[in-house]
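A.B. asks: Quick note on my numbering: the sequence shown kicks off at 3 and runs consecutively.
Where is the CB? At the ideal position from N, CA and C, for every residue including glycine.
Can you keep this structure in mind? I'll have questions shortly.
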Amino acid sequence: MWELAFISEEDFTNHVKATIEKYGEKLESFDLKRFNKNIIDPIKLIFDKTVYGASWNEIVSNEIFRQRDKSNNNDIGYFHQRIFQYIGKCHVPPNGEEGGWDVIYENADGIPIPDAGCVHTIYVEMKNKHNTMNSASAGKTFIKMQNQLLNDDDCACFLVEAIAQRSQNIKWETTVDGKKVGHKLIRRVSLDQFYALVTGEEDAFYKLCMTLPEVIKNAVSELEGTLVPHDTVIEELKALAAQQYIESEDLAIAMAAYMLGFGSYKGFSNL
């Protein structure tokens with residue numbers, strides 16, 4: 003029985019699949035050339051392997067995971083933002099359009115804002131994590147929200163954070179040009195509180211989180227043939243190590259790793 007009243011099972015499943023597909027080229031297999039595209043740091047690999055007591059297989063797998071993970075936050079940002087296109091009274095503008103807002107929520111019955119009465123529109127800037135904005139970015143975002151309030155006296159602006167420090171819906175205070183600023187209609191809101199506001203269900207985000215693992219599992223199962231990468235990095239490193247004529251396999255693989263980063267360096271270039 004489907005538990006989420008604010009989004010249909012079909013829409014939620016399709017959105018999960020679309021998010022997985024956004025992973026795109028990051029799901030392609032890693033060979034040694036791709037692994038070393040930006041030139042790895044062999045010294046760090048060897049420190050990590052030794053200090054953490056890991057095998058070469060584990061260290062290489064961890065580095066591949068790290069490289070894939072670097073750009074996955076954008077895909078999760080897609081999940082958090084675009085899901086609101088399926089939720090009533092919410093609108094997700096195309097990128098860069100309608101002021102560049104991530105989500106616009108409109109309610110003709112009025113939207114209560116703590117200590118600020120009611121408005122009929124909320125403009126949302128969405129962030130994955132509370133600490134992803136530096137002071138310059140925060141100031142620029144605050145000024146954008148101020149300008150929106152000047153142009154529309156029946157709205158509020160929210161900085162919605164998927165990973166906030168706590169559940170909150172508070173006046174956002176930040177620093178612009180060295181001066182502390184704030185406005186009761188410019189607010190810092192955790193994702194759970196935003197879900198509660200737009201769906202009318204206090205635990206809407208909790209319910210979504212409880213439903214998500216099974217939906218992802220089913221989606222991955224359906225897409226399985228196109229998702230599972232076959233990484234060949236460790237096999238290629240071992241093949242290079244076999245050419246080093248070094249008795250210790252561990253040292254031979256270390257030498258192969260050195261050659262990835264230091265192949266043209268003095269001493270290494272003679273090998």
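Within a Cβ cutoff of 7 angstroms, which residues of the same chain sit near Gly171, ignoring the five residues on either side of it in sequence?
C.D. replies: Counting from 1 along the sequence shown, the entry for residue 171 is found at position 169. Correcting the residue type first, residue 171 is Asn in the shown sequence and not Gly. Contacts found: Pro116, Arg189, Val191 and Gln195.
A.B. asks: Taking Ala259 as the reference, give the member of Ser31, Ala118 and Ile41 with the closest Cα.
C.D. replies: Within the sequence shown, numbered from 1, the residue matching residue 259 stands at position 257. Cα-wise, what sits closest to Ala259 is Ile41.
A.B. asks: Does the pairing of the segment 234 to 241 with the segment 59 to 72 give three or more beta-carbon distances under 8 angstroms?
C.D. replies: yes
A.B. asks: Is it true that the segment 5 to 25 meets the segment 194 to 212, where meeting means three or more beta-carbon pairs spaced less than 8 angstroms apart?
C.D. replies: Yes: the two stretches touch, three or more of their Cβ pairs being nearer than 8 angstroms.
A.B. asks: So, with DSSP's three-state summary, where would you put Met128?
C.D. replies: Along the sequence shown, one-based indexing puts residue 128 at 126. Looking at Met128 - three-state DSSP - the assignment turns out to be strand.
A.B. asks: Put Leu6 into one of helix, strand or coil per three-state DSSP.
C.D. replies: Translated into the one-based positions of the sequence shown, residue 6 becomes position 4. Note: Leu6 maps to coil in three-state DSSP.
A.B. asks: Could you give the uninterrupted runs of the alpha helix (DSSP H) lying entirely in the segment 59 to 84, keeping only those of 4 residues or more?
C.D. replies: 74 to 84
A.B. asks: Going by C-alpha to C-alpha distance, which of Ile124, Asp179 and Trp4 sits closest to Gly101?
C.D. replies: Locating residue 101 in the sequence shown gives position 99, where the first residue counts as 1. Answer by Cα proximity: Ile124.
A.B. asks: Does the distance from the C-beta atom of Val121 to that of Trp103 stay below 8 angstroms?
C.D. replies: As a first step, residue 121 must be located in the sequence shown, where it is residue number 119. As a first step, residue 103 must be located in the sequence shown, where it is residue number 101. No. Outside cutoff.
A.B. asks: At what residue ranges does the segment 229 to 272 contain a whole run of the beta strand (DSSP E), taking only runs of 3 or more?
C.D. replies: none
A.B. asks: Can you name the start and end residues of the alpha helix (DSSP H) that Phe86 belongs to?
C.D. replies: Looking up residue 86 in the sequence shown gives position 84. Per DSSP, Phe86 belongs to no alpha helix (DSSP H) and is neither H nor E.
A.B. asks: Should the segment 11 to 20 be called in touch with the segment 214 to 225, which here means at least 3 C-beta pairs below 8 angstroms?
C.D. replies: yes
A.B. asks: If the criterion is Cβ atoms closer than 8 angstroms, does the pair His93 and Met128 meet it?
C.D. replies: By 1-based counting over the sequence shown, the position of residue 93 is 91. By 1-based counting over the sequence shown, the position of residue 128 is 126. No. Outside cutoff.
A.B. asks: What is the rounded straight-line gap between the Cα of Thr143 and the Cα of Asp154?
C.D. replies: Translated into the one-based positions of the sequence shown, residue 143 becomes position 141. Translated into the one-based positions of the sequence shown, residue 154 becomes position 152. Spanning the two alpha carbons is a distance of roughly 17 angstroms.
A.B. asks: Rank Gly184, Lys28 and Lys35 by C-alpha distance to the C-alpha of Gln69 and give the top, closest one.
C.D. replies: Taking the sequence shown and counting its residues from 1, one reaches residue 69 at position 67. Of Gly184, Lys28 and Lys35, the residue nearest in Cα terms is Lys28.
A.B. asks: In angstroms, rounded to a whole number, what distance separates the CA positions of Ala256 and Leu47?
C.D. replies: Start at 1 with the first residue of the sequence shown, and residue 256 comes out as number 254. Start at 1 with the first residue of the sequence shown, and residue 47 comes out as number 45. Straight-line Cα distance between these residues: approximately 9 angstroms.
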